[in-house]
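Quick mapping for you: the protein sequence lines, in order, are chains A and B. Going by the numbering used here, the letters in the first sequence line up with residues 2 to 279, in that order. Going by the numbering used here, the letters in the second sequence line up with residues 2 to 279, in that order. Worksheet for the structure shown next.
2 protein chains.
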Amino acid sequence: MGADIWFTEHQTPDVTLGLRIIEVLWQEDTPYQHLLVADTEAYGRLLTLDGAVQTTDRDEFFYHEMIAHVPLTIHPHPQRVAVVGGGDGGVIREILRHPGVKAAHLVEIDERVVAVARQFFPELSAELDNPRAHVHLVDGIQWMREQGAQAEKLDVVIIDSTDPVGAATGLFGEAFYRSVYEALAPDGILVAQTESPMLQPHLIRHAQAAMRAVFPHVHLYLAPVPTYPSGWWSFSLGSKGPQPADARTVSLPTRYWTPAIQRAAFVLPPFVSELLQT
Amino acid sequence: MGADIWFTEHQTPDVTLGLRIIEVLWQEDTPYQHLLVADTEAYGRLLTLDGAVQTTDRDEFFYHEMIAHVPLTIHPHPQRVAVVGGGDGGVIREILRHPGVKAAHLVEIDERVVAVARQFFPELSAELDNPRAHVHLVDGIQWMREQGAQAEKLDVVIIDSTDPVGAATGLFGEAFYRSVYEALAPDGILVAQTESPMLQPHLIRHAQAAMRAVFPHVHLYLAPVPTYPSGWWSFSLGSKGPQPADARTVSLPTRYWTPAIQRAAFVLPPFVSELLQT
């Protein structure tokens, strides 16, 4: 049974998730946030930032597969991809499963997240050493603004941010989405994690409205992520052209994502459709 | 913010869900289990049995809609339906939205669950007074065995049980599924809640194998249920004939279920397909 030590996340002021801890492996205050690594009985190795679960060994695949493969198969031929946040490397790993991708940029403000992932999460971070991966330890908002002036545009941008508090707040607004739009090539696609339809509906509404102010086509899709609040998560997709129905059918070594799961993920229940309309 | 009083469910020995309590409204030990009713900040009114969340006002619709409308639209013309467990009345309410249903039987072993639902959950239990609803406060295993000898067979049987411990253990095995098979008419369909693919994969494997030993057609479908362990739940469907692809398209006043959501719910991710094969 292990020692009676628990990690508790206050997912909202009124809901907690508790995970029994085998051992706390690392804790530090980085310049940006509190970082913890621990081994849990139920979900294997756990990474938290400011007390919020970012990833666990046993359920990371839901999130990383769904945030990466959906835009990468909707885009007709993605070659240049950027991830803002996502310092653990899990999204980069999934992106690099697509052989057509020539460059996958990781833009992470907190170098300690990358360093700790390299040390404690080798399965997530190994592909950061892939020659096609480029790690930029800088502010994503600034980096994205500079990309707009570059001749070579991005095909897909993925916002793998923490919750919209602190450093990540600016990643959920219209101004940032506009700088992403400017950095994207004509067929470009943006995907952002936009929290739980059950516990953060206001955030989804806000992000979708901001995205619609910038992109001609905006969609929402859903997937389970057991250790995230409510266990059920949303992703917002803004596109300059390609549509979910255009997705290429590719075969990948995945545990959650498939082309059929992707189509199913865009089917919205009535209460979610309604929250997008208000 | 309310008082700092929390309900905590040990969803497994290693995972907890905590809900901030506004007020505990009722607690008792029935002959079968401990029963609690409380108002929570995040999910409204809560019913627990033996410390496990059964239902909350704000997320009950996921579970009740998905356990009821899936078999009732796959069956070509369901008229006689039985629910084993489900004393709160939520499944009966959804069943009676189908005008073709002539009789909906609730077979609940613990009369206190029904009484407390009538008192504290009027929105769930109101349809128990519908003339088409028939409440049987008896052991579901015994009741089902007797149905096999009846001339009039059932079209759909729904197992809305607690977790497979205590009184509910017998509701997950081959012997019980066989008595359901005997009680069903030629086009008959059984649906049972079969726990979380993330946290109880062994249970799904066990229930599916037992169902396959009895029914010629067995399927699994999935839906989010935020307050259940991992927030993601499975339902096992055994059919004498009708298939998920045959489902009738009907319009119902639902918040999660739609015909398209239903089709999407049968799309299984690779790791779930694999657990069914082993």
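Every residue gets a Cβ at the ideal spot worked out from N, C-alpha and C, and that includes glycine. If you're wondering where the values come from, they're calculated on a predicted model, not measured in any experiment.
Within the region 22–84 of chain B, the complete beta strand (DSSP E) segments of 3 residues or longer fall at 35–41, 45–50, 53–57, listed in chain order.
In this structure, the alpha-carbon of A:Ala266 lies about 42 Å from that of B:Glu147. B:Glu66 is not a Cβ neighbour of B:Tyr229, given a cutoff of 8 Å. The beta carbon of A:Pro243 sits closer than 7 Å to those of Ile75, His76, Pro77, Asp188, Ile190, all from its chain and outside the five residues before and after it, given in chain order. For the pair of segments examined, the region 165–173 of chain A was found to touch the region 200–217 of chain A: the number of CB pairs separated by less than 8 Å reaches three. B:Ala53 has a beta carbon lying at 8 Å or more from every beta carbon in chain A. Bridge partners of B:Tyr229 according to DSSP: none are assigned.
What B:Gly232 touches in chain A, judged by beta-carbon distance under 7 Å, is Pro225, Pro227, Ser231, Gly232, Trp233, going in chain order.
Under the three-state reduction of DSSP output, B:Ser235 falls in the strand class. Identification of chain B residues near A:Arg21 by a Cβ-Cβ cut-off of 8 Å yields Pro14, Asp15, Val16, ordered along the chain. Interface annotation, A:Thr250: not in contact with chain B, CB-CB separation never under 8 Å.
Interface with chain A (8 Å Cβ-Cβ cutoff): B:Pro245 is excluded. Against chain A, the CB of B:Ala43 has a partner CB under 8 Å away; the residue lies at that interface. Linking A:Val38 to A:His135 through their CA atoms gives a straight-line distance of about 24 Å. Non-local C-beta neighbours of A:Leu18 in its own chain, meaning closer than 8 Å and more than five positions away in sequence, comprise Thr9, Glu10, Gln12, Val54, Thr228, Pro230, ordered along the chain. Bounds of the alpha helix (DSSP H) holding A:Pro123 are 123–126. Scanning its chain for C-beta atoms nearer than 7 Å, with the 5 sequence neighbours on each side dropped, one finds around A:Gly149 the residues Ser180, Glu183, Ala184, in chain order. C-alpha of A:Ala208 to C-alpha of A:Asp89: approximately 24 Å in a straight line. A:Ile159 places its beta carbon less than 8 Å from that of A:Val192.
By the C-beta criterion, the region 31–49 of chain B is judged not to be in contact with the region 41–56 of chain A, since fewer than 3 inter-stretch pairs fall below 8 Å.
Using a CB distance cut-off of 8 Å, B:Met199 counts as an interface residue toward chain A. Check the Cα spacing between B:Phe173 and each of B:Glu112, B:Pro225, B:Phe236, B:Asp111: the tightest is with B:Phe236.
A Cβ of chain A is located within less than 8 Å of the beta carbon of B:Arg256. Assignment of beta-bridge partners to A:Thr17 by DSSP yields A:His11, B:Gly19. The closest CA to that of A:Ala127, considering only A:Arg98, A:Ile6, A:Gln151, is found on A:Arg98. In the structure shown, the three-state DSSP call for A:His218 is strand. Residue contact check for B:Ala83 against chain A: no CB pair falls below 8 Å. Taking a Cβ-Cβ cut-off of 8 Å, the neighbours of A:Pro271 in chain B comprise Thr255, Arg256, Tyr257, Thr259, given in sequence order.
By the beta-carbon neighbour count (other beta carbons within 10 angstroms, threshold 16), A:Ile22 is buried. About 6 Å separates the beta carbon of B:Pro72 from that of B:Leu238, a gap short enough to meet the 8 Å contact definition.
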